[in-house]
Amino acid sequence: IHTGEKPYECRECGKSFRQSSNLTVHQKTHTAEKLYECPKCQKRFPDRSLLVRHKRVHLGEKPFRCQQCGKSFLHRSRLLLHEKVHV
1 IHTGEKPYEC RECGKSFRQS SNLTVHQKTH TAEKLYECPK CQKRFPDRSL
51 LVRHKRVHLG EKPFRCQQCG KSFLHRSRLL LHEKVHV
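Count the sequence shown with full-length UniProt numbering and you get residues 1 to 87, in order.
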C-alpha cells in the first residue's frame with residue numbers, strides 16, 4: 001500500500017523521502033564531491049543515477065506517462081502529483 005508517507009528526512013535541508021536509499025543519494029548533494037559531469041551543459045552530480053536522470057532534460061525524454069490521459073512527465077514524482085487531478 002502506498003501511503004505517501006516520507007519518513008526519511010534530510011537533516012541538512014529538510015527534504016523527505018519514502019525510501020532510505022533515496023535519502024542516502026540525496027545527502028550526497030550536500031557533502032560529496034561531484035564527479036559525474038553532463039557532457040551537454042557541464043552540470044556536475046555526486047551520483048551517476050542523478051546524471052542519468054538529468055540527461056533526460058537534454059534528450060526530451062518523458063518516460064512517466066499518465067494512464068488516464070496520456071500526458072508524460074520527466075520525473076515520476078510529477079506524474080504522481082498529476083494523477084491526483086483524475087481522482
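Yeah, the Cβ is synthetic: ideal placement off N, Cα and C, and Gly gets one too. Owing to the predicted nature of the structure, the values given are computational and were not obtained by experimental measurement.
(request) Grab the span of the alpha helix (DSSP H) containing T29 for me, first residue to last. (result) Residues 20-31.
(message) What ranges does the alpha helix (DSSP H) occupy inside the UniProt domain "C2H2-type" (64-87), keeping only unbroken runs of at least 4 residues that lie completely in it?
(response) Those alpha helix (DSSP H) runs which fall completely within the UniProt domain "C2H2-type" (64-87) and span 4+ residues are 76-83.
(request) Kindly list the residues whose CB is nearer than 7 Å to the CB of C10, restricted to its own chain and excluding five residues on each side of it in sequence; keep chain order. (result) Excluding residues within five positions, the ones whose Cβ falls inside 7 Å are L23, H26, Q27.
(request) List the residues that DSSP assigns as beta-bridge partners of E9. (result) Looking at the DSSP output, E9 shares a beta bridge with S16.
(request) Enumerate in chain order the residues of its own chain whose CB-to-CB distance from C38 is below 7 Å, with the five nearest sequence positions on each side excluded. (result) Closer than 7 Å at Cβ, skipping near neighbours: L51, H54, K55.
(request) Output the boundary residues of the alpha helix (DSSP H) element that contains K55. (result) Where K55 is concerned, the enclosing alpha helix (DSSP H) stretches over 48-59.
(request) Using a threshold of 8 Å, state whether the C-beta atoms of K34 and F45 are closer than that. (result) In this structure, F45 lies closer than 8 Å to K34 by Cβ.
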